[in-house]
Structure formats: C-alpha cells, structure tokens
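Engineer: Numbering (UniProt numbering), first residue to last: 1 to 330.
Where a beta carbon is used, it is the ideal one built from N, C-alpha and C, also for glycine.
Could you have a look at this structure, given as structure tokens, before my questions?
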C-alpha cells in the first residue's frame, strides 16, 4: 500500500484556514465524494481550532490513498481531564461553543481519540469509500526544514500473508529519499519473496545509492508465524497480549547497499496471533518510550498509536518513521 502525506504545524489562528485547505486537498487527491470532502473541511477546521486554543505544540497531518483519508492531530498540550465529556456538544474548556469534538466524530466515518493529562492529545478522523479497508498504520515526518523524507514504509497483504518494511535512507534530504524509494520498490515488486531474499535484493538495488537501514516483517496468518530480518538501526518491538514487557528483534549491523559487510543477515522466527502487535521505528524516534507511558493506548487505533509515538518521542533532528502492525482490536 502506498500512502501520501500532507502535514503542517498549527499554533496560531491564521493556520486554521491553511489546515482546512490542506485537508481538502488531501481528500480530493483521495477521490472522496463531494459530501465527504465537505465533512473533511468541517472536521479539519474544528481540529485545527482546538490545536490553536489548547495545544502547546501541535500538528495536523492528512494521509491519503485511493478511497481513504486519515486526518490526524497530535499535540503536547495539557490533555483532557475527561475525554468522553469533551465529545458531548456544549462542553468546552476554552470559552467556545463546545461543539468541536462531537462535530468531528459525527463528520467522520471512523473516529478515535487518546488523551493524557499533562502529556497531550491525539485525534484520528477517517473517511472511507465503499469497500476500502482502513489499511496499515505507518507514518513518517521529514527532518525539520526538509520537504523530502528519507524514511518510508510499505505493506503488501494478500490475505494469507502480510509483508511490511520500514526503511531509513542514510542521512536526510533528497538523496536519502531516493535510497529509501529504491528499497521500497523491492517490496512493491517482490513481496512474495522470503524476508532474507527481499533484503538481499535491496542490497543489490541500493548499491548505487548512499544506502539505508531496513527492517522486514512477514506475517503468515495461517501458520501463525512471524518472520523478521533487518540491517541497521531500525527498532522492532513485539508486544504480546498479557505481557507487560516487549521483545526487541535484533537486526544485523551494517548499511543496506554497502558491499563491504562483516555481518551476514539472519532471520528470526516467532509465533504470531491476532493479538500480537509489532511496533517499528527509525532512529528519528527516541528509544526512551514505552506503551506504559500512555495507559490504555493499546486499545487505540494503530494509526493513532503511530501518530502518538511519532510526535511524543520524536527527536526532531532527523527524518522519523513509525509502523504499527496489529493492535486496536485489529
């Protein structure tokens, strides 16, 4: 699945109109109906307005694919004392009419919200045309001051097996983006290959680029197996139901595309259930985070969780990427 992203920081009243225009542009690119585009505009205005009123540091992000739009806001604001009450029309903590969150929930085909006092809030509003699935939960952001992003992800799902890759082109900017794109094309074209073979093909394709880090996960639903291989410093954590601790899968040292490699990639096998969750992140994300930092977040939509990690744990000095597989009851 190939996604496209538009994003902007929102911190002053003049940004509300720009955020609405950005969301409408994404909705039109997704091919949503005229009615849906109108509902997207309403939701974007309300969400951006909430960032201006309440947030200390907030962003609106619109991720789109054919027939689908995900509109997300994340912030480091004060958080909500009672998130459920904030969805009731007439409730307000900032002297407004208090119709914002309730209006967003009604406008969207799917809505999810997570908020923690003293930490901030993340909101997801989703629009889907008929027969379009929600899709995987990956998000990337370029380094501050950059428009090109060297982090990227791809997911290919044929029903029986799912193949997911998160890559990080070395450095940042256009050269890093080109390296990442070369790696992701391997997944697009050859997703049925075993993970080790995919990584080997990436190494060949990236030989003329600056290289990348890459992590590849294959989920065989019928066999209940997870296969993993990786090279570089992408962090991959497996969260099992009923366990407080995650298990980190180990990648081989090195750079995909560099010919002189001292370490040979290996494949890791683990059991997989429908309740297993895998969280992958590039080195633009700090390792100093835990799901325990956000009580109850395991029940959130996977894309909302991706956004929360992307914003709350971002180092903001490099490209950053997060990919979540499973979770949220899916």
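What number of angstroms, rounded off, separates the C-alpha of residue 287 from the C-alpha of residue 247?
Structural biologist: If I take the Cα positions, the gap works out to 13 Å.
Engineer: Any idea what DSSP makes of residue 112, helix, strand or coil?
Structural biologist: Residue 112 falls in the strand class under three-state DSSP.
Engineer: Quick test of your reading: residue 69 and residue 26, contact by CB under 8 Å. State the CB separation rounded to the nearest angstrom.
Structural biologist: With a Cβ gap of about 6 Å, residue 69 and residue 26 count as contacting.
Engineer: For the beta strand (DSSP E) holding residue 271, just list the boundary residues, first then last.
Structural biologist: Counting along the chain, the beta strand (DSSP E) containing residue 271 begins and ends at 268-271.
Engineer: Compare the beta carbon distance of residue 252 and residue 231 with 9 Å and say whether it is the shorter of the two.
Structural biologist: For residue 252 and residue 231, yes; Cβs fall inside 9 Å.
Engineer: Residue 120 to residue 176, Cα distance in whole Å?
Structural biologist: C-alpha separation (whole angstroms): 31 Å.
Engineer: When you compare each of 189, 33, 263 to residue 130 by their alpha carbons, which one comes out closest?
Structural biologist: Per the Cα distances, 33.
Engineer: Return the chain-ordered list of same chain residues with a C-beta closer than 6 Å to the C-beta of residue 207, the five sequence neighbours on each side being excluded.
Structural biologist: Once the five neighbours on either side are set aside, the close Cβ partners of residue 207 are 257.
Engineer: Who are the near neighbours of residue 211 in its chain, counting only those whose CB is closer than 8 Å to its CB and skipping five residues on each side?
Structural biologist: For residue 211, where only same-chain residues beyond five positions count, the Cβ hits under 8 Å are 169, 170, 179, 255, 256, 257, 258.
Engineer: Inspect the beta-carbon positions of residue 40 and residue 24 and report whether they are closer than 9 Å.
Structural biologist: Result yes, Cβ atoms of residue 40 and residue 24 sit closer than 9 Å.
Engineer: Over the uninterrupted alpha helix (DSSP H) stretch that includes residue 196, give me the two end residues.
Structural biologist: 195-205 is the extent of the alpha helix (DSSP H) around residue 196.
Engineer: State yes or no: is the C-beta of residue 274 nearer than 8 Å to some heavy atom of the ligand GTP?
Structural biologist: In the structure on display, the ligand GTP does not appear, and there are no ligands present to speak of.
Engineer: Can you name the start and end residues of the beta strand (DSSP E) that residue 6 belongs to?
Structural biologist: 4-10 is the extent of the beta strand (DSSP E) around residue 6.
Engineer: In terms of residue numbering, what span does the beta strand (DSSP E) encompassing residue 322 cover?
Structural biologist: Run containing residue 322: 320-325, per the beta strand (DSSP E) assignment.
Engineer: State buried or exposed for residue 195, treating a residue as buried only when at least 16 other CB atoms are found within 10 Å of its CB.
Structural biologist: Answer is buried; the Cβ neighbour count reaches 16.
Engineer: I'd like the span of the alpha helix (DSSP H) that includes residue 255, first residue to last.
Structural biologist: Looking at the DSSP string, residue 255 is not in any alpha helix (DSSP H), and its letter there is neither H nor E.
Engineer: If you follow the alpha helix (DSSP H) that residue 35 is in, where does it begin and where does it stop?
Structural biologist: 34-54 is the span of the alpha helix (DSSP H), which, as asked, contains residue 35.
Engineer: Assuming the contact rule is C-beta atoms closer than 8 Å, residue 19 and residue 55 should be a hit. Round their C-beta distance to whole Å, please.
Structural biologist: The Cβ separation is near 12 Å, so there is no contact.
Engineer: Please classify residue 312: does DSSP put it in a helix, a strand, or coil?
Structural biologist: Reduced to three states, the DSSP call for residue 312 is helix.
Engineer: According to DSSP, simplified to helix, strand and coil, what is residue 93?
Structural biologist: Any reading at residue 93 needs caution, since the residue's pLDDT is 46, under 50, leaving its predicted position unreliable; the model's value is listed next. Residue 93: coil per DSSP, three-state reduction.
Engineer: The beta strand (DSSP E) with residue 231 in it runs from where to where?
Structural biologist: Residues 225-231.
Engineer: Please look up how many angstroms separate the CB atoms of residue 136 and residue 6, rounded, as I've assumed it's under 8 Å.
Structural biologist: The Cβ separation is near 18 Å, so there is no contact.
Engineer: According to DSSP, is residue 143 helix, strand or coil?
Structural biologist: Coil.
Engineer: Are the beta-carbon atoms of residue 44 and residue 30 separated by less than 9 Å?
Structural biologist: In this structure, residue 30 does not lie closer than 9 Å to residue 44 by Cβ.
Engineer: Tell me residue 150's beta-bridge partners as DSSP assigns them.
Structural biologist: Partner(s): none; residue 150 has no beta bridge.
Engineer: In angstroms with no decimal places, state the Cα-to-Cα distance between residue 71 and residue 105.
Structural biologist: Using only the alpha carbons, I get a separation of about 12 Å.
Engineer: Spatial neighbours of residue 314 within its chain, please: C-beta separation below 8 Å, excluding the five flanking residues on both sides.
Structural biologist: 141, 284, 285, 286, 320.
Engineer: Rounded C-beta distance between residue 125 and residue 103? I'm assuming under 8 Å.
Structural biologist: Not quite, the Cβ-Cβ distance comes to about 10 Å (not below 8 Å), so this is no contact.
Engineer: Out of curiosity, what's the CA-to-CA distance linking residue 322 and residue 227?
Structural biologist: Going from the Cα of residue 322 to the Cα of residue 227 covers about 19 Å.
Engineer: Going by the CB atoms, is the gap between residue 220 and residue 161 shorter than 9 Å?
Structural biologist: In this structure, residue 220 lies closer than 9 Å to residue 161 by Cβ.
Engineer: Could you give the distance in angstroms between the alpha-carbon of residue 270 and the alpha-carbon of residue 21?
Structural biologist: Going by the C-alpha atoms only, they are around 45 Å apart.
Engineer: Quick one: residues in its chain with C-beta nearer than 6 Å to the C-beta of residue 9, no 5 flanking neighbours on either side, listed in chain order?
Structural biologist: Counting only Cβ-Cβ distances below 6 Å, and skipping sequence neighbours, we find 59.
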